[in-house]
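*Asks:* Pasting a structure below so you can have a look.
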C-alpha cells in the first residue's frame, strides 16, 4: 500500500493563500519559472516549466499518485478542475453538500459525506499500490489528527503573505506531531521540502 501525503505551495510565513484568497501568482510563480517542460495528464491546461531538479521532483510525484482527497473548499475554488484533476486520478471530495448543479456524474469524483478517514480509505482502495494525495487546508488537519498522514511536502516560496489561509491549522489537542526531514530539492524560486512522519 502506498503513502498518504500532502503537497502545497507555501509562503515563508506558512500560508497557502493570502488575505481574501490572494497571492496565488506569487505562490505558483515557480511552476513557470524554468526551461524544462513537465506535462500533466492534461498538458493543454497545465504544463509545468521549471528547473531540471523541480521537473524530476514533479515527475516522481506524478508517477506515485493514484488518487486524491480534497476538501469542498478546494474543489469549489478550482471549479472541480472541470471534471478532471491535473494528475488524471480519481478524486474523493470531503463534503457535507451535494455535487454542484449540472455536475457530470461520470466524472471520476466521489463526494464523501462521512469524513476524511473514510475518504482516505476509499482513495487508498482506488490507488492500489500507489500514493494518495491529500489537498491542503482543513482536510490535512483532519488527516493529521487521525494519524493518517505519512508525508508532508512543502513547496516553499520566498514571499511573506502576512496572513490568509495557513497550511496547517485546527490541530488543537493533536500537536505536537513529529516529522523527520527526508529530502530537500532546490528549484528556481522554490525549495521543495519533504518530511516523513516520525515513528
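In our numbering, the protein residues as written are 80 to 278. Built from N, CA and C at the ideal position, the CB exists for glycine as well. Note that the coordinates shown come from a computational prediction; the quantities given were computed from them, not determined experimentally.
Just verifying my parser: in three-state terms, what is the DSSP assignment at residue 104?
*Replies:* Of the three classes helix, strand and coil, the one that applies to residue 104 here is helix, per DSSP.
*Asks:* Taking 6 Å as the limit between beta carbons, can you name the residues of its chain near residue 108, skipping five residues before and five after?
*Replies:* Once the five neighbours on either side are set aside, the close Cβ partners of residue 108 are 268.
*Asks:* Can you say whether residue 164 is buried or exposed, counting buried as having 16 or more other CB atoms within 10 angstroms of its CB?
*Replies:* With 16 or more other Cβ atoms within 10 Å, it is buried.
*Asks:* Do residue 174 and residue 203 count as a contact pair if the criterion is CB distance below 8 Å?
*Replies:* No.
*Asks:* Looking only at its own chain, which residues have a Cβ that is under 6 Å from the Cβ of residue 273, when we skip the five neighbours before and after it?
*Replies:* Correct list, in chain order: 232, 261 and 262.
*Asks:* With DSSP run on the structure shown, which of helix, strand or coil describes residue 199?
*Replies:* Three-state result, residue 199: helix.
*Asks:* Take residue 184 as the anchor and find which of 93, 159, 121 and 193 has the nearest alpha-carbon.
*Replies:* That would be 159, whose Cα lies nearest to the Cα of residue 184.
*Asks:* Helix, strand or coil, according to DSSP, for residue 210 in the structure here?
*Replies:* Strand.
*Asks:* Among 209, 133, 146 and 214, which one has its Cα closest to the Cα of residue 80?
*Replies:* Of the listed residues, the one whose Cα sits closest to residue 80 is 209.
*Asks:* With distance defined between alpha-carbon atoms, name the residue in 118, 120 and 137 nearest to residue 270.
*Replies:* Looking at the Cα atoms, 137 is the closest of the given residues.
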